[in-house]
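Taking it in order: structure first as structure tokens, then the write-up.
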Amino acid sequence: MKYIRQIKAPNKKNTSSIPVRMNIILGVILVLFAMLVGQLAYLQIAYGGRFEAEVQKSDQKIVSTNVPRGVMYDSKGRILVGNQPNNAITYTKGISVSTSKIKEISDALSQYIDLSDEDPTKRDLADYYLGDPKNLAKMTNRVPRSKRYNADGDAEANSVVYPLIVEEVEQQNIKFTKRQKTAAMIFKKISGAYQLSTIYLKNKDLTDDELAKVGEHLDSLPGVGIGTDWSRSYPNGNSMRSIIGSVSSEKAGLPEDNLSYYLTQGYSRNDRVGTSYLEKEYESILKGSKTLSQVEVSANNEVEDNKVTYAGAKGSSLTLTIDSKYQKMAEDTLTRVYRQAQSDGTTQYSDGAYAVAMNSQTGAILAIAGVKHNPKTNKTVDDALGVINRSFVMGSVVKGATVAGGLLSGTITPANNTLPDTPIYLPATPVKKSVYPVGTFGSLTAPSALEVSSNIYMMQLTLRWVKANYVPNKYIAMPSTAFETLRKNFAQFGLGQKTGIDLPGEVGGITGRSFDENGNVLTGSVLDLSYGNYDAYTVIQLGQYVSTIANGGYKMKPYLVKTIGENANDGKTNYVYARTNPKPQSSIPWSESQYNVIKQGFYNVVHGSNGWGTAHSLADIKPEIAAKTGTAQSFYYDPDNPGNVTPPETITLSFVGYAPANKPEIAVAVVFPNLASGNTQHYNLDVARDLFTNYFKLYK
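Residue 1403, in the working numbering, is where the sequence shown stops; the numbers in between run on with no holes.
Here you go:
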């Protein structure tokens, strides 16, 4: 047994020490935990009140509200568009305001104000009804479980279930009282507001009684306040409304097409902005600086207080170049003469009538008027903007520019400008001639050609100018640059080019085709262009063109806004931030003798002795005027029958002129497009007469 190994009992000195270490660690933990509990107890006893106050302390936020827009005045300080102050009930939305809280406020406020002029939709009423958690739960249970949960048993998204709940409400045909309908409208407005934004719950027709009742209960209506709203007012009625433009409503808010731009500029989605013409063009100036208020938001995210920290600044005012008295005269004249044309039975295809008066030396607009006619309904509407955004083939009024091109190119000279008055005979084409009988004149000088409005002279001049090869009845050929040559010359006077007037929406006109399908120059159309019977221009372009001739050759940029600044309520200027200075865009490089050829021709149109003169009936106007008339042959375009190969023939009557003839200060352009063919009336001259005589009655 000696080989059997004996196992000895363990030595007590080698026993493990782990239990001792664990006891030490647990002891330390207990000590630390006791210290933590002690510290928490100390903080609770010593600082509990302070921490509770901190939790309940209101947060402070800055919100902004709109200020009155800038006022627009006429050149004499009369208000064209102002602001009408209105008492308003406002609401500043807190942070994360619950739907039930919104319903509570809506129900309370509906006791004090009436919105019966606004009708809630079925959806509005359903949303309001579901603002009560009990109603929401009840209607939710009506929706089949299979529609509230998917195949995996998970709840469907609210965007899926809520419309089904709304349907359940609508199917119940719940009867709502008048007060509940008002509450539903309030609920809708508050629900649609952004956090910490101020909206108007009622800003028109607010009675003193409503104002008083709301004021008495403001303490129980968190976020609700009493303020002032502003609406645009127009002392002159509809005069110039199409030029002034429009402002969006609070409901419409920012235009969708420019939403991103406005948001980056600090606008709120429900802000009102200029949406057209002067209101839009000068939005950044008219809007002013918003009022800033410090809003206190409580721990439960309700607005407790609202204090103005910056009162804001109303928008800057615009003073226009237009005298509202003269503008009204221009509008009345155009309307009266157009009604006469309607009475005469010449407007069955007519587009309306348009006129503009400018300061020929500066480009300042003195009056701008338009009447738009619908041939289908025979109704007319104000359309002053048609002066800048509608284009027409104007006819012979542009012949001054054609003669100028011939002089500048050296084709004719001040001393040698006589050309044969022989019609143009193109192969397989009707004879191209003037309105008077063939053979009336053997030849004409440039001033005489302008006086009798000779189409032949302009065509003969153009053949020489572009260096065409022409054999009567047999052959005609023009360089490929023929159209470019004429159009470049017309552009010097502003014809076919945007003028740059300070209004959005201006068009550049309509340019006719230059080549046929085979790439050949449309030679007959080049000749038509030479006397104004091809390309289409706007009335403002005619105004710039005749002003360029009137002032000796400077193409002045037209403008409507004279100054920007602050004005008192009586229209007198307190301070001017900016003033529009006359801006020549280019100048005609003619000599004085070349200019005098055109100047003499325009004078002869009114004061010449030739029996074929076109505006001798205006010779009695004092001071004397110089002018050019136009008659363009055109065709009625029927949008309901665009493929009509035999459209009715029409004529367009036009006029450009300036006065006084020896020292011009006013330039006028008038057009009556698409009158019945064969019309022999002079509506263009009738309007021009009044524009000149009324101007000098007012200012001389």
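Glycine included, C-beta positions come from ideal geometry on N, C-alpha and C. Since this is a predicted model, take the numbers as computed values, not measurements.
Could you pull the DSSP bridge partners for residue i from this structure?
i: ARG1282; result: THR1266
i: ASP1085; result: VAL1074
i: MET1061; result: ILE1068, ALA1370
i: GLU1352; result: PHE1338
i: ALA858; result: TYR852
i: ASN1221; result: None; ASN1221 has no bridge partner.
i: ASN1172; result: ALA1180
i: PRO669; result: Because the chain in this structure spans residues 704 to 1403, residue 669 falls outside the shown range and cannot be described.
i: TYR776; result: ILE782, THR1022
From residue i to residue j, what distance separates their C-alpha atoms?
i: TYR1107; j: MET1259; result: In the sequence as displayed, the identity of residue 1107 is Ala instead of Tyr. One C-alpha to the other measures close to 18 angstroms.
i: PRO938; j: LYS1031; result: 13 angstroms
i: ARG781; j: TRP933; result: 20 angstroms
i: GLY1203; j: HIS1310; result: 34 angstroms
i: ASP857; j: LYS841; result: 20 angstroms
i: ALA1335; j: SER1156; result: 12 angstroms
i: LEU739; j: ILE732; result: 10 angstroms
i: ASN790; j: SER900; result: 18 angstroms
i: PHE1358; j: VAL1390; result: 9 angstroms
i: TYR1248; j: ASP974; result: 41 angstroms
i: ARG701; j: TYR897; result: This structure leaves residue 701 out entirely; the chain is present only between 704 and 1403.
i: HIS1076; j: GLY1235; result: 24 angstroms
i: PRO1345; j: GLU1352; result: 15 angstroms
i: TYR1386; j: THR1184; result: 37 angstroms
i: THR1396; j: SER1320; result: 14 angstroms
i: THR885; j: ILE816; result: 8 angstroms
i: TYR1398; j: GLN1064; result: 16 angstroms
i: ILE947; j: THR793; result: 29 angstroms
i: TYR1262; j: ASP822; result: 44 angstroms
i: SER1019; j: SER1217; result: 48 angstroms
i: ALA1194; j: GLN1200; result: 6 angstroms
i: GLY918; j: LYS892; result: 20 angstroms
Would you decide whether residue i is buried or exposed? Buried here means 16 or more other CB atoms lie within 10 Å of its CB.
i: ASN1081; result: exposed
i: GLN747; result: exposed
i: GLU1034; result: buried
i: ASP820; result: exposed
i: MET725; result: exposed
i: ILE1369; result: buried
i: PRO1376; result: buried
i: ARG1039; result: exposed
i: PRO788; result: exposed
i: TYR706; result: In this prediction, TYR706 scores a pLDDT of 45, lower than 50, which makes its location untrustworthy; no coordinate-derived value is stated.
i: PRO1130; result: exposed
i: TYR1402; result: exposed
i: ASP830; result: buried
i: THR910; result: exposed
i: ASN1307; result: buried
i: ASP777; result: buried
i: VAL1138; result: exposed
i: ASP908; result: exposed
At which residues does the beta strand (DSSP E) containing residue i begin and terminate?
i: HIS1076; result: 1068-1077
i: PRO788; result: 782-795
i: THR1332; result: 1329-1338
i: ILE1179; result: 1178-1180
i: PRO1150; result: Not the beta strand (DSSP E): PRO1150 falls in the alpha helix (DSSP H), residues 1149-1155.
i: GLY930; result: 927-936
i: TYR970; result: Run containing TYR970: none; DSSP gives neither H nor E here.
i: MET1259; result: 1257-1259
i: ILE902; result: 901-905
i: SER979; result: Per DSSP, SER979 belongs to no beta strand (DSSP E) and is neither H nor E.
i: SER1290; result: 1287-1290
With residue i as the anchor, note down where its alpha helix (DSSP H) starts and where it stops.
i: ILE1025; result: Premise fails: ILE1025 is in no alpha helix (DSSP H) and is neither H nor E.
i: VAL872; result: 861-874
i: ASN1158; result: 1158-1168
i: ILE889; result: 881-894
i: THR1251; result: 1242-1253
i: TYR1306; result: 1295-1310
i: SER1228; result: 1226-1233
i: ASN1397; result: 1386-1402
i: ILE877; result: Note, ILE877: premise wrong, no alpha helix (DSSP H); not H, not E.
i: THR1188; result: 1185-1194
i: LYS841; result: 836-845
How close, in whole Å, do the beta carbons of residue i and residue j come, if the pair is a contact with beta carbons under 8 angstroms?
i: ASP1124; j: TYR1160; result: 7 angstroms
i: TYR1240; j: GLY1212; result: 5 angstroms
Is residue i close to chain C? Criterion is C-beta to C-beta, closer than 8 angstroms.
i: TYR1160; result: Here there is only one protein chain, and chain C is not present.
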